[in-house]
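Participant: Chains Z, A, R and F supply the protein sequences, listed in that same order.
Per full-length UniProt numbering, the first sequence starts with residue 1, numbered consecutively.
Per full-length UniProt numbering, the second sequence starts with residue 1, numbered consecutively.
Per full-length UniProt numbering, the third sequence starts with residue 1, numbered consecutively.
Per full-length UniProt numbering, the fourth sequence starts with residue 1, numbered consecutively.
Number of protein chains: 4
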Amino acid sequence: MVYSVAVAGASGYAGGEVLRLLSAHPEFEVRTVTAHANAGQQLTAVHSHLRSYRGMVLQETTPEVLKGHDVVFLALPHGKSGALADELGDASLVVDCGADHRLVSASAWETFYKSEHHGSWPYGLPELVLASGAKQRENLVGVNRIAVPGCNVTAVSLGLAPGIRAGVIQPTDLVAVLAVGPSGAGKTLRTDLLASELLGSAHAYGVGGTHRHVPEIVQNLTGAGGEAVTVSFTPVLVPMARGILATSTARLQPGVSAADVRSAWELAYADEPFVELLPEGSFPAVSDTIGANTALIGLAVDEAAERVVTVTALDNLVKGTAGAAIQSTNIALGLPEQLGLSIDGVAP
Amino acid sequence: MVYSVAVAGASGYAGGEVLRLLSAHPEFEVRTVTAHANAGQQLTAVHSHLRSYRGMVLQETTPEVLKGHDVVFLALPHGKSGALADELGDASLVVDCGADHRLVSASAWETFYKSEHHGSWPYGLPELVLASGAKQRENLVGVNRIAVPGCNVTAVSLGLAPGIRAGVIQPTDLVAVLAVGPSGAGKTLRTDLLASELLGSAHAYGVGGTHRHVPEIVQNLTGAGGEAVTVSFTPVLVPMARGILATSTARLQPGVSAADVRSAWELAYADEPFVELLPEGSFPAVSDTIGANTALIGLAVDEAAERVVTVTALDNLVKGTAGAAIQSTNIALGLPEQLGLSIDGVAP
Amino acid sequence: MVYSVAVAGASGYAGGEVLRLLSAHPEFEVRTVTAHANAGQQLTAVHSHLRSYRGMVLQETTPEVLKGHDVVFLALPHGKSGALADELGDASLVVDCGADHRLVSASAWETFYKSEHHGSWPYGLPELVLASGAKQRENLVGVNRIAVPGCNVTAVSLGLAPGIRAGVIQPTDLVAVLAVGPSGAGKTLRTDLLASELLGSAHAYGVGGTHRHVPEIVQNLTGAGGEAVTVSFTPVLVPMARGILATSTARLQPGVSAADVRSAWELAYADEPFVELLPEGSFPAVSDTIGANTALIGLAVDEAAERVVTVTALDNLVKGTAGAAIQSTNIALGLPEQLGLSIDGVAP
Amino acid sequence: MVYSVAVAGASGYAGGEVLRLLSAHPEFEVRTVTAHANAGQQLTAVHSHLRSYRGMVLQETTPEVLKGHDVVFLALPHGKSGALADELGDASLVVDCGADHRLVSASAWETFYKSEHHGSWPYGLPELVLASGAKQRENLVGVNRIAVPGCNVTAVSLGLAPGIRAGVIQPTDLVAVLAVGPSGAGKTLRTDLLASELLGSAHAYGVGGTHRHVPEIVQNLTGAGGEAVTVSFTPVLVPMARGILATSTARLQPGVSAADVRSAWELAYADEPFVELLPEGSFPAVSDTIGANTALIGLAVDEAAERVVTVTALDNLVKGTAGAAIQSTNIALGLPEQLGLSIDGVAP
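(1) Nearest by alpha-carbon distance to residue 15 of chain A: which of A:73, A:211, A:27, A:59 is it?
(2) Label residue 240 of chain A either buried or exposed according to how many other C-beta atoms from any shown protein chain fall within 10 Å of its C-beta, with 16 as the threshold for buried.
(3) Does any CB atom of chain A fall closer than 7 Å to the CB of residue 302 of chain Z?
(4) So what does DSSP say about residue 204 of chain R, is it helix, strand or coil?
(5) Please name the residues in the UniProt domain "Semialdehyde dehydrogenase NAD-binding" (4 to 136) of chain R whose beta-carbon is closer than 7 Å to at least one beta-carbon of chain F, in chain order.
(6) Taking only three categories from DSSP, how would you classify residue 302 of chain A?
(7) Out of curiosity, what's the CA-to-CA distance linking residue 302 of chain Z and residue 125 of chain A?
(8) Please state the DSSP three-state secondary structure of residue 7 of chain Z.
(9) Just list the residues that DSSP pairs residue 169 of chain R with in beta bridges.
(10) Please tell me whether residue 348 of chain R has its Cβ less than 7 Å away from any Cβ of chain Z.
(11) Nearest-angstrom Cα distance between residue 333 of chain R and residue 140 of chain R?
(12) Would you report the Cα separation of residue 172 of chain A and residue 250 of chain A, rounded to the nearest angstrom?
(13) Taking 8 Å as the threshold, find out whether the region 143 to 153 of chain Z comes into contact with the region 113 to 132 of chain Z through three or more Cβ pairs.
(14) Please check the pair residue 60 of chain Z and residue 34 of chain Z, which I expect to be a contact at CB under 8 Å, by giving their CB distance rounded to whole angstroms.
(15) Check whether the region 202 to 213 of chain R and the region 279 to 293 of chain R touch, using three or more Cβ-Cβ pairs below 8 Å as the test.
(16) Taking any Cβ of chain F, which residues in the region 202 to 219 of chain A have a Cβ under 9 Å from it, in chain order?
(17) Taking residue 183 of chain F and residue 287 of chain R to be in contact with their CB atoms under 8 Å, please state how far apart those CB atoms are, rounded to whole angstroms.
(18) For a test of the three-state rule: what should DSSP assign to residue 54 of chain F, helix, strand or coil?
(19) Is the beta carbon of residue 308 of chain R less than 7 Å from the beta carbon of residue 217 of chain R?
(20) Under 7 Å between C-beta atoms, does residue 230 of chain A make it to chain F?
(21) Comparing C-alpha positions only, which one of R:71, R:205, R:100, R:66 sits nearest to residue 81 of chain R?
(22) In the DSSP assignment, find the alpha helix (DSSP H) that holds residue 84 of chain A and state where it starts and stops.
(23) Just to confirm the assignment: which complete alpha helix (DSSP H) runs, minimum length 4, are found wholly within the region 119 to 176 of chain A?
(24) State the DSSP-derived secondary structure class of residue 2 of chain A, mapped to helix, strand or coil.
(25) Check whether the Cβ atoms of residue 76 of chain A and residue 9 of chain A sit closer than 7 Å, and answer yes or no.
(26) For residue 183 of chain A, which three-state DSSP category applies?
(27) Cα-Cα, which of R:326, R:343, R:85 is closest to residue 26 of chain R?
(28) For the region 258 to 271 of chain A, enumerate the residues whose C-beta is nearer than 7 Å to any C-beta of chain Z, in chain order.
(29) If you draw a straight line from the alpha carbon of residue 259 of chain Z to that of residue 229 of chain A, how long is it in whole angstroms?
(30) With 16 as the cutoff for other CB atoms within 10 Å, does residue 319 of chain Z come out buried or exposed?
(31) Please list the segments of the alpha helix (DSSP H) lying wholly inside the region 281 to 335 of chain R, counting only runs of 4 or more residues, in order along the chain.
(32) Just how far apart, CA to CA, sit residue 119 of chain Z and residue 275 of chain R?
(33) When you compare only the Cα positions, how much space is there between residue 159 of chain Z and residue 313 of chain Z?
(34) For the beta strand (DSSP E) that contains residue 111 of chain A, what are its first and last residues?
(35) Based on the DSSP secondary-structure assignment, which residues constitute the bridge partners of residue 29 of chain Z?
(36) Does the distance from the CB of residue 344 of chain A to the CB of residue 292 of chain A come in under 7 Å?
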């Protein structure tokens, strides 16, 4: 069976990447692409790299246009997904690449997004370990709504959850600093996202706990360990178009050995196709993961600082967004989880 | 009076930057430049950007060639400065841009450099606050030996020392993650420093407390507060030729207000020409500091994470190396501290 | 049927890209990978992005190791392919990604490569128009030796051949200037290929007709028009890891209209899956083609300058090397030409 | 004497660079900075790298604010300089960094700018050789109006004028392709100038003779040789914040030797402080010139292609704009031409 697919918000970077991956997927057929300001244009006029979509035209993002597809991917500005999804009904699997349905806590949503909460959907991070011993994957089977995680959140959560789950690191006083590419901020016309400003430079943003990804990290890592989590989170914009390198550190639990630490991550990811713990002394590069649905993790124990340091690389648009969306969709529909997804990065 | 100057190790990036800055300094006259493999070549054959040195030829790095200058800058591989400096005598001011004379502790040196300790020289970070209430500047007046700090060390030390000195942050469990450009690693022919490898990518190195800059940070911050320091330090190589953006965080001391925190940094740097605390909510970009002897610091208090976050930008080759060398030399010789040093970055 | 494959010189950039593409190809199974200095290592130790090859070990590049595979891809330094291929026998299809068998003219080879000529093999640029009216594709059917073109050559040849074939531009006094990424120069440890040197910079090389790609361009374009060709060719290294943007210009034949010009290219590429003429007024970006076996061409007629200007974008490692190798192999083996090759770029 | 200075349009990249250079100039004192949308803000809020201007506030760009300064630099959108300059009177030296007063030909202006011509001012490219045997420098002494050249124009004109003046190359059928950084396009919020779009990519614009710099190149090179000029001009945007690498080629005049060619450029630039012909076989890198008022030229004769190839590197914001403005101002005022201008690039 081939599933009919629509992509709403297809003109942005996330929507474009969903389309790029769908084109290589044997069970999905993209029938409809929609946009707002670019409606009426050729898709290739907006995404000149998507040559396999030649001839396809962007339609308006309306419920009428999107209804009736087996799967609808939403890549919309936040606040736009909830009402639209309601109109699509239960027959379609709706996969939201935006933030609207990620947070379970209404108060966390309201604090960080200053708007009304839309409720939460099953969370599309299959490899996330849970306090119960299960993984989040189990919660995605057969669902008809999926909330795709934030890209930075995925990097920090995958990096730290195994240690919290195993009790080898402390869940409070986590510190994460991420080198991130500007595509994570979307195609927004902002001076600080201009090439002239970012080439040869780097700058932090959302410093001091104000970034909207903070409550989502807290939610994931609380879920992994069952205990309260605090995290200092600082993303740093650097001059690479895509990718995240997250350095996530945590206090070592007293009395835990380096071998115990490594075992926690090995146990969590040994059988995962898309998440890999690198051998001792190895740390990933962002380019290892570009274009691939891969997260690579390096791990070190700093005895002097009494901290565990994890370095996680992934492509913010693939494992951080569009790849996670398709992987979760595969699970929801009962398809092989790896179908249509490459694990080899485009490097150098 | 114009001082005669020699630069040893002039063919590397640090040596080249010392020469670039010396060319704009009204009281220094470069008489001699030396190198090892490149001896005999035109300086502009190695540093094609240093047009003002046209006609100058690189000589061998020997005591005979270097003797007799008022000031000798050493930009040599570590282990090479000590014996050479001994032969230059006390009449020359010797400024070591390398690591050999930075660490006071012989055991720290031996642990991290696996070689014999050469003793320590007055440390060239004038703005470093000391537990005594003084600044390191005072220890540089009239000296004839200067150890220039490591570039990453300067970024982390300037970022955290005021808070430790004032007692508003805890000196243990510091966490610093730095986005750094490859020029800090020198002109070494290593695969991971190739443009093909670094363009579009980022990777960490020296993860888990193994980087040689760790003991130097500990030394500086112990000196600032008089108490034991522990730090988790991770440098991340990113695709910008120069520059450092250091995100350095520390646990907030219980009961300290955000205003108290800010006051500590304001007090430390209010009168400094080269180190500036940015207004609340502002954070620096690396490009603000390129080519300039400037360190810019942004500061935030994360109440939820109970951490103070500082973001420090500087040019690793200027305030991180060559500019610090010349600033310290100005102090040692009794010249105006700012002489010959620009504070305006080359941006965009 | 699945074909057994070996890749010799698998540790370099070209070899790595062949492996990345082979991993996505349904009819090829990589059994053997070989290298020189890296023999004995895990492939993922050298190409950390090729996660699908976990566990595979690099063997020595010897005839014994390579014999017996259906297809052998050679990605070796020039001068190394000829003798090796002789020992592999006629039963294997040998695809040389290096320069050894590209040039038909022994004297051209000797002039530019200063070594003995090895003879020429069928040339792997299927879309190249020939003076006969055929395309080079026809010469690849059923062959057991393929010489993969140089990456810059592909960009300039595809950009200009249709106009020469159709007689709308003059074959002499061609001028081509290319912005190229450093991966085209391989993983060589050279100072000018260091990230510190190339970030924020650009420089030309092989200026004035000395580049080894010149005789190959001349060969292709002479073949397209049947007349003598002269070309001024200048590659400019710019800070992007991969990709080529070739601006190739030619004198307009007197009396030819802009519509005639456009028709020549439309006719040549209308049915090509991998080479596309963009609409009037559109010009390609390198990122449109990254990771894809796509060449995109923009075309303008400059009436005042009496020149036709073509701008061709492609990925030097895909359509410029590894993709061309696999596309040509598909043809040689009678497989669908597009099998296993994506046309969508990884962008942004 | 210290001259009072105002900079109008100080919030853009050109205005910012004028300010950076003025800060290092001993005879100029910046009293006034103006802007349009940013009026009322601190200058450092817009140009965070210009720390020496702390406390200075941007005023409105009006004649009242700008009047009464010895020198007024205009860095305004085109069409805005003429009327403003009229109101400033003859007592002020007005230096226009924009396009309004560069072209002598009203019809060329109207064809390329689709608006009314404002007349032309003395042209600020001192090293430009003229058919008369003089240089443009002579036309700048004592003037009170200066039109600063376009950055791309400067690169191509300096690269080719000596050969045209000397008659060793043909003035028709010139071909120039330039790798240029995005800062030349200013701080405009355009999708194609976003970091996500340009990182890892390159694309041409103004292809086919439509770029507004074409008539200005024609004007300069016609002036150098006294004969009609045609040029094919293609700028290619590449991922470096600043800088131009112009590959400019011309047909060799029949019978001219390579030595004659080289002599033409040597003769033109032997005594120039800011323009340098590199030795045979040497070609410049953009990074050699960053931050410096330097243009470096490499030269080759391609006998097979019968073309002379010149490669010119310069910083578009310095020798291409702000440095040229200050150099020309020095000449106009009778100050030493090199005053306040560095020739050493900031590299790596």
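Beta carbons: idealized from backbone N, C-alpha and C, even for Gly.
Please read these numbers as outputs of a predicted model, since none were measured by experiment.
Facilitator: Looking at the coordinates:
(1) Per the Cα distances, A:73.
(2) Counting other Cβ atoms within 10 Å of its Cβ, residue 240 of chain A reaches 16 or more and is therefore classed as buried.
(3) Closer than 7 Å: yes.
(4) Residue 204 of chain R carries a strand assignment under DSSP once its states are collapsed to helix, strand and coil.
(5) The residues in question: there are none.
(6) Residue state, collapsed to three classes: strand.
(7) The alpha-carbon atoms of residue 302 of chain Z and residue 125 of chain A are separated by roughly 27 Å.
(8) Strand.
(9) According to DSSP, residue 169 of chain R bridges with R:252.
(10) At least one chain Z Cβ lies under 7 Å of residue 348 of chain R.
(11) Residue 333 of chain R and residue 140 of chain R: Cα-Cα distance of roughly 9 Å.
(12) About 8 Å.
(13) The region 143 to 153 of chain Z makes contact with the region 113 to 132 of chain Z; the number of CB pairs closer than 8 Å reaches 3 or more.
(14) The pair is a contact, with the Cβ atoms about 6 Å apart (cut-off 8 Å).
(15) With a cut-off of 8 Å, the region 279 to 293 of chain R and the region 202 to 213 of chain R do not count as touching, because too few Cβ pairs lie within range.
(16) Taking 9 Å as the Cβ-Cβ cut-off against chain F, none of the residues of the region 202 to 219 of chain A qualify.
(17) Rounded, the Cβ-Cβ distance is 20 Å, inconsistent with contact.
(18) Residue state, collapsed to three classes: coil.
(19) 7 Å or more divides the Cβ of residue 308 of chain R from the Cβ of residue 217 of chain R.
(20) No, residue 230 of chain A does not count as interfacial toward chain F.
(21) Closest option to residue 81 of chain R, Cα to Cα, is R:100.
(22) Per DSSP, the unbroken alpha helix (DSSP H) holding residue 84 of chain A starts and ends at 81 to 88.
(23) Runs found: 151 to 166.
(24) Shown here, residue 2 of chain A sits in coil according to DSSP, grouped into three states, outside any helix or strand.
(25) Yes, they are a contact pair.
(26) The three-state secondary structure of residue 183 of chain A, taken from DSSP, is helix.
(27) For residue 26 of chain R, the closest alpha carbon among the candidates R:326, R:343, R:85 is that of R:326.
(28) Residues of the region 258 to 271 of chain A with a C-beta atom less than 7 Å from some C-beta of chain Z do not occur.
(29) Cα-Cα distance, rounded: 26 Å.
(30) Its Cβ being crowded by 16 or more others within 10 Å, residue 319 of chain Z is buried.
(31) Segments of the alpha helix (DSSP H) lying fully in the region 281 to 335 of chain R: 323 to 333.
(32) For residue 119 of chain Z and residue 275 of chain R, the distance between alpha carbons rounds to 47 Å.
(33) Near 9 Å, if we compare the C-alpha coordinates of residue 313 of chain Z and residue 159 of chain Z.
(34) Where residue 111 of chain A is concerned, there is no enclosing beta strand (DSSP E), although the alpha helix (DSSP H) it sits in stretches over 106 to 113.
(35) DSSP, once it has assigned bridges, lists Z:4 as partnering residue 29 of chain Z.
(36) Going by C-beta atoms, residue 344 of chain A is nearer than 7 Å to residue 292 of chain A.
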